[in-house]
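Residue numbers (this note's numbering): 668 to 720.
If you want it as structure tokens, here you go:
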């Protein structure tokens, strides 16, 4: 990423990893019961999630 220091790049990368892990945790049960094809389709068409609190 242009203009970011190495420390900033690491923070961005860490944040992205945490977001991806949180998304997987939200659909964990569906991933565990699905087969490969169903899981790929689920991840490619991620369901809408209500993030309002």
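Beta carbons are placed, not taken as given, at the ideal position from N, Cα and C, and that holds for glycine.
Euclidean distance between Cα positions of residue 693 and residue 715: As the crow flies, the alpha-carbon of residue 693 is around 11 Å from that of residue 715.
Collapsed DSSP secondary structure at residue 718 in the structure displayed: Coil.
Residue closest to residue 687, alpha-carbon to alpha-carbon, out of 719, 717 and 713: With distances taken between Cα atoms, residue 687 lies closest to 713.
Whole-number beta carbon distance between residue 709 and residue 695, since they are thought to touch under 8 Å: Taking 8 Å as the upper bound for CB-CB distance, residue 695 and residue 709 are not in contact here, some 11 Å apart.
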